[in-house]
Structure formats: structure tokens, C-alpha cells
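Following the working numbering, the numbering of the sequence shown begins with 1060 at its first residue and continues without gaps.
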Amino acid sequence: LVIAGSLSLGVRIAFNMKGRIRELREIERILSFLEGELRVRHSTIDEALCCVADKSRQPFRDWLYGLVKDIRASGEQDNPLYYNSHTDLYNMWKKSLDNLRTVTYLSYKDVEQLQDVGKALGYLDIESQQMNLRRELELVHHHVISLDKDLGVRMKNAVVACLLGGIMTVIA
């Protein structure tokens, strides 16, 4: 029973690794769509996020719609959180990422890296948004490549390590 539990833990860890990469690829796709919406359609941030949300899968769709809702609510003059600077958008983005992390395989390191996207989007001129978003997209892309490089080996190592841990527990 201990060995079977250890083996199943190793398999779960391995699938979490694969799920993390799959979700980072979805984030990469979302950022690419977002950059396109800003560049080609000259959409506002909330319009662009809404269009990208329509093309995204769950839980990212709910994450983006929640962010759009926060941005639109903050744009109302009588709202005490009236959107008047890039730090407001950054804080909304950061809070939404914390919520997203709880329903995905993303790590704290992934979320920290994605927080910079909120800074990139907070600038008022479209050229700065596009330039910074392209840079952040490139960083996410390189992060995904580095994680995916030896994924198979790391998955096997996780299964073997947990299995050996179970065997050692039974022996002890």
C-alpha cells in the first residue's frame, strides 16, 4: 500500500509538471493574442482582454473576464478605486494572478514573472504597451522552452524518486 501510494504520488507530480507547461503555453498564447489586439485593432485594455478571453480556455477565460470586470468597475468616476495610473492596473493584474494561481498548476515563480505583464499593460501609450508586452511574451516563451527542454527526464525522476521513497519506507 505504501509503495502504491508513493508511485501514485510520483505520477501526480509528473503530471503536474506537464500541466504547468501546458498552462504556461496557454498564457503565452493569451499574451500573443493580447499583443495582436492592441497592435492591429487598437483596442483598449478592457476590450482587448475581453476579446482574448473569448478565445481562451478555462480557467483562463474566467480569469480574464474577472480582470475586465475589475478594470471596468475601476473606470467609473464614483468608484473609489478610479483607474488613474498604471499602478492601479498593475495591482488589479497582480491580484488576479494570485487568484489564478490557486486554480492552476502555475508556480510562485511563474506568477512573479507574469506580474511584470501588468506593469507593461499599465502604460497609457499604445507603443509602450506593445513593446513591453512583446518583451514579456519573449520572456515567457524562453521560460516555457527551458522547462520543456528536459521534461521527460524530470517526470521519470519524480516517479522513480517517489517509488524509491516508498520502498525505503517499507524497508525501514
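For every residue, glycine included, the Cβ atom is placed at its ideal position computed from N, Cα and C.
When the options are compared against residue i, the one with the closest alpha-carbon
{"i": "Ala1112", "options": "Glu1106, Ser1166 and Arg1120", "result": "Arg1120"}
{"i": "Leu1090", "options": "Gly1177, Val1229 and Leu1159", "result": "Gly1177"}
{"i": "Asp1129", "options": "Pro1118, Leu1108, Val1212 and Asp1209", "result": "Leu1108"}
{"i": "Ile1104", "options": "Gln1117, Tyr1124, Leu1165 and Arg1088", "result": "Tyr1124"}
{"i": "Gly1095", "options": "Gly1211, Asp1207 and Met1190", "result": "Met1190"}
{"i": "Arg1194", "options": "Ser1065, Ser1067 and Leu1093", "result": "Leu1093"}
{"i": "Gln1117", "options": "Tyr1164, Arg1100 and Ser1133", "result": "Tyr1164"}
{"i": "Glu1197", "options": "Trp1122, Asp1175 and Ser1115", "result": "Asp1175"}
Start and end residues, alpha helix (DSSP H) containing residue i
{"i": "Ser1187", "result": "Ile1185 to Asp1207"}
{"i": "Ser1067", "result": "Val1061 to Val1099"}
{"i": "Thr1291", "result": "Residue 1291 lies beyond the range of the chain shown here (1060 to 1231); nothing can be said about it."}
{"i": "Val1162", "result": "No alpha helix (DSSP H) contains Val1162, which DSSP labels as neither H nor E."}
{"i": "Gly1224", "result": "Leu1210 to Ile1230"}
{"i": "Gly1181", "result": "Run containing Gly1181: none; DSSP gives neither H nor E here."}
{"i": "Arg1116", "result": "Neither: Arg1116 is in no alpha helix (DSSP H) and is coded neither H nor E."}
Backbone CA spacing between residue i and residue j [nearest angstrom]
{"i": "Ser1187", "j": "Lys1077", "result": "33 Å"}
{"i": "Lys1168", "j": "Leu1060", "result": "34 Å"}
{"i": "Leu1223", "j": "Thr1161", "result": "30 Å"}
{"i": "Arg1098", "j": "Ile1185", "result": "8 Å"}
{"i": "Arg1071", "j": "Val1219", "result": "12 Å"}
{"i": "Asp1137", "j": "Arg1131", "result": "Reliability fails at Asp1137, whose pLDDT of 44 lies under 50, so the model's placement of it is uncertain and no value is given."}
{"i": "Ile1230", "j": "Asp1157", "result": "41 Å"}
{"i": "Thr1228", "j": "Ala1063", "result": "12 Å"}
{"i": "Leu1206", "j": "Asp1147", "result": "32 Å"}
{"i": "Asn1216", "j": "Arg1079", "result": "17 Å"}
{"i": "Phe1074", "j": "Asn1150", "result": "32 Å"}
{"i": "Asp1209", "j": "Ser1067", "result": "21 Å"}
{"i": "Glu1106", "j": "Glu1087", "result": "19 Å"}
{"i": "Ser1065", "j": "Val1170", "result": "29 Å"}
{"i": "Leu1172", "j": "Arg1213", "result": "Reading off the sequence shown, one finds Gln at residue 1172, where the question assumed Leu. Straight-line Cα distance between these residues: approximately 22 Å."}
Any contact between the region 1197-1212 and the region 1070-1087? By contact I mean 3 or more CB pairs, one from each, below 8 Å. yes
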